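To start, the structure under review is shown below, and the notes come after it.
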Amino acid sequence: MFMNTLATRLAAVSLVGMLITPAAATEWAHLRGRIVYDGPPPVPKQLVVDKDQDVCGQSATDERLLVDPTSHGVRNVVVVLQLARGESTEVHESYQATSEQQALLENKHCRFEPHVMLMRTTQKLEIRNSDPKGDAVKIDAIKNTSINVTLPAGASHVQAFPNVEPMPVRVSCAIHYWEQGWLVVRDHPYMAVADQDGTFEVKNIPAGKRKFMFWQEEAGYLREVTFQGQPQTWQRGTVELDLQPGDNDLGEIIVKPALFRR
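Residues -1 to 260, numbered by the working numbering, are exactly what the sequence shown covers, in order.
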């Protein structure tokens, strides 16, 4: 009887020990790479400015495809962690401070800055007209309320986007036809926009197998690419990566000019 009772108690202690064993700590990965144009860099078109030339200048650069003439890097490619419907992801503590920080989309010299705006559903977006002339901002949302507001000189408008937008949504201006931009809204911070030489970086992602979408406004999804030396087709511009803890450098992701001729 005594032995049976002792055995029962030992089993209970063992079970409790198993229940309170801490889960393995999440390991974090950093992702970087560079989008490279495989051909002579195209010269951006210069669009005719037909009003407010004293503020906007005589011409405006068509920003739909910007390729660095030296590095051949493609600018403004969007890189986003893709989650399945109903799926969530852990978020590193380094992102907590900005989770509700107001994002700023600025109209300055008759263009939107940044050209591609990234924000989370927990943030609000301030749209500010920093020009001495009036401006209009139209955002064609899919899962959120679309807006079309006129902003006098120096005025601002604050808007919430509480729902994930599955694709980048267009930002435009009814007054200045050349003024275009894009808004990306996700419920996590794991996204980036390629800089002037095509480089992108996303930090502190939970390590493991993750899917990322690559998108550019002139090409849409980056479907046909050369990655790790091999031609590949990425369905809906999406690739699965096995992220190891620490640095993960994808190297050059090469895209052909034909991808941008839609």
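Every residue gets a Cβ at the ideal spot worked out from N, C-alpha and C, and that includes glycine.
Note that the structure is predicted; figures quoted are calculated from it, not measured.
For residue j and residue i, believed in contact at Cβ under 8 Å, the rounded distance
i, j, result
"Asp185", "Val200", "With a Cβ gap of about 15 Å, Asp185 and Val200 do not count as contacting."
"Asp60", "Lys43", "4 Å"
"Glu25", "Pro187", "Contact doesn't hold; Cβ gap of about 18 Å is too wide."
"Leu220", "Gly235", "5 Å"
"Lys122", "Ala151", "Between Ala151 and Lys122 the Cβ distance is about 22 Å, and since that is not below 8 Å, they are no contact."
"Asn246", "Leu29", "5 Å"
Closest Cα partner of residue i within the set the options
i, options, result
"Gly227", "Asp36, Leu29, Trp26", "Asp36"
"Val156", "Leu103, Glu216, Gln94", "Leu103"
"Val77", "Ala172, Leu248, Glu98", "Leu248"
"Ser92", "Ser69, Ile203, Glu222", "Ile203"
"Arg118", "Ser128, Gln100, Ile251", "Gln100"
"Gly31", "Ala256, Pro255, Thr224", "Thr224"
"Ile33", "Gly179, Pro160, His70", "His70"
"Leu79", "Arg208, Glu222, Pro229", "Arg208"
"Asp50", "Pro243, Glu25, Glu177", "Glu177"
"Ser144", "Thr120, Val169, Ser57", "Val169"
"Ala139", "Leu29, Lys131, Pro150, Pro160", "Pro160"
"Asn142", "Pro164, Gly218, Gln230, Gly235", "Pro164"
"Ala158", "Arg234, Thr120, Asp133", "Thr120"
"Ala23", "Val89, Leu29, Ile251", "Val89"
"Ser57", "Tyr219, Cys108, Pro150", "Cys108"
"His174", "Gly196, Met189, Val183, Leu149", "Leu149"
"Phe198", "Ile251, Ile137, Lys131", "Ile251"
"Gln194", "Gln94, Thr68, Pro38", "Thr68"
Whether residue i touches residue j by CB criterion (8 Å)
i, j, result
"Val135", "Cys171", "yes"
"Ala27", "Leu241", "yes"
"Phe210", "Leu239", "yes"
"Gly179", "Phe110", "yes"
"Pro166", "Trp213", "yes"
"Asp129", "Val46", "no"
"Arg62", "Glu215", "yes"
"Asn127", "Asn146", "no"
"Ser97", "Glu124", "no"
"Val191", "Leu116", "yes"
For residue i, the residue or residues it bridges with in DSSP
i, result
"His155", "Ile125"
"Ala101", "Leu123"
"Thr148", "Ala134"
Discussion item. So within the segment 28 to 99, which uninterrupted alpha helix (DSSP H) runs reach at least 4 residues, ignoring any that extend past its ends?
Written reply: Runs of the alpha helix (DSSP H) inside the segment 28 to 99: 51 to 54.
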